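Okay, so here's the structure we're looking at.
Numbering (our numbering), first residue to last: 5 to 247.
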């Protein structure tokens, strides 16, 4: 990464924070009406967005790049804002948040097993799945408040993926060149396994949003090829990730 690489990312996160402050919240008083299966999916994703991110921040600080650590703290703040937005959306529809979900518990434990590289690889599984889910949620409902919330979160996630790709490029550069693609092939297998869990758990909600299980899984895996190339050969603003 260029010398100012993560300083540039920090500025992008800070600019987005100021834009959010100027924009303000959605009009929650509009309320939201969705099928119960869609609400169930939102509840589970809200659990996944929630958390203090302390473990990731500690690993980022230990990596010794102050700009990167600052950018990670701003990333965590955006994830916490996603959890807040989803909680407010649930409240607007008269739905509670969940105290936890087994899939999120397992995912967090897996992330924390080893160092920063492993944490980011596992985190990227969630980010890539989330990209597709929030796009489905934005495009698959006529509820205006839900579309707005999903669109806001999707815009953030489309920045998060290239941010993590940039750090993973630096991290994998420390491995022998012949091992990098095999590592990312294993990551794609983990992504496939996680996606199959998601489509099994969210199938009814996805159908209500106009996307079947197979289509969702195929779209996620198709986008993963772009992630692999972004990690191996990063280029400024090369990520597209779907509209």
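Backbone N, C-alpha and C define an ideal beta-carbon position, used for all residues, glycine too.
Bear in mind that the values here come from a model prediction, so they are computed numbers and not experimental data.
Note to self: Quick check on the DSSP output: the alpha helix (DSSP H) that includes residue 71 runs from which residue to which?
What the structure shows: Going by DSSP, residue 71 is part of the alpha helix (DSSP H) stretching over 70-96.
According to DSSP, simplified to helix, strand and coil, what is residue 39?
Coil.
Going by DSSP, what residue range makes up the alpha helix (DSSP H) through residue 13?
Boundaries of the alpha helix (DSSP H) around residue 13: 9-27.
- Which of helix, strand or coil does DSSP assign to residue 56? Of the three classes helix, strand and coil, the one that applies to residue 56 here is coil, per DSSP.
Helix, strand or coil for residue 161 per DSSP?
Here residue 161 sits in helix by DSSP.
Helix or strand or just coil, what does DSSP make of residue 230? The answer is helix: DSSP assigns residue 230 an H, G or I state.
(request) Specify the secondary structure class of residue 62 as computed by DSSP and reduced to three states. (result) The DSSP-derived three-state label of residue 62 is helix.
My understanding is that residue 213 touches residue 140, with C-beta atoms under 8 Å, so please give their C-beta distance in whole angstroms.
For residue 213 against residue 140, the beta-carbon gap comes to about 5 Å, under 8 Å, which counts as contact.
Quick check: the region 191-204 against the region 130-139, are there 3 or more CB pairs under 8 Å? A contact between stretches requires three or more CB pairs, one per stretch, nearer than 8 Å, and the region 191-204 meets this requirement with the region 130-139.
- Item | Distance, residue 49 Cα to residue 247 Cα | Residue placement at residue 247 cannot be trusted, given a pLDDT of 48 that sits under 50; what the coordinates show is reported in the next sentence. In a straight line, the C-alpha of residue 247 is about 20 Å away from that of residue 49.
Report all residues from its chain with a CB closer than 7 Å to the CB of residue 10; omit the five preceding and five following residues, and keep chain order. Apart from the 5 residues on each side of it in sequence, residue 10 sits with its Cβ closer than 7 Å to the Cβ of 69, 71, 72 and 75 in its chain, given in chain order.
Handout entry: Endpoints, alpha helix (DSSP H) assigned at residue 125
Key = First-last of the alpha helix (DSSP H) with residue 125: 120-143.
Exercise. Grab me the residues of residue 94's own chain with a C-beta within less than 8 Å of its C-beta, minus the 5 sequence neighbours each way, in chain order.
Key: Within the same chain, residue 94 has close Cβ partners 43, 46, 47, 50, 100 and 101.
| query | Start and end of the alpha helix (DSSP H) containing residue 198? | reply | For residue 198, the enclosing alpha helix (DSSP H) starts and ends at 181-212.
- request: Determine, using beta carbons only, whether residue 149 and residue 96 come nearer to each other than 8 Å.
  value: In this structure, residue 149 places its C-beta atom within 8 Å of the C-beta atom of residue 96.
Handout entry: Coarse secondary structure for residue 243, derived from DSSP in three states
Key = Residue confidence is low: residue 243 scores 48 on pLDDT, short of 50, so the model does not pin down where it sits. No coordinate-derived value is stated.
Say whether chain D places a C-beta atom closer than 8 Å to the C-beta of residue 128. Judged by its chain identifiers, the structure shown contains no chain D, having just a single protein chain.
Through-space distance from residue 54 to residue 224, alpha-carbon basis:
Spanning the alpha carbons of residue 224 and residue 54 requires a straight line of approximately 22 Å.
Option in 126, 158 and 146 with minimal Cα separation from residue 85:
Of 126, 158 and 146, the residue nearest in Cα terms is 158.
Neighbour-count burial assignment, residue 182, 16 or more Cβ in a 10 Å radius: Exposed is the call here.
**Message:** Can you give me the C-alpha to C-alpha distance between residue 92 and residue 180, rounded to a whole angstrom?
**Reply:** A direct Cα-Cα distance of roughly 46 Å separates residue 92 from residue 180.
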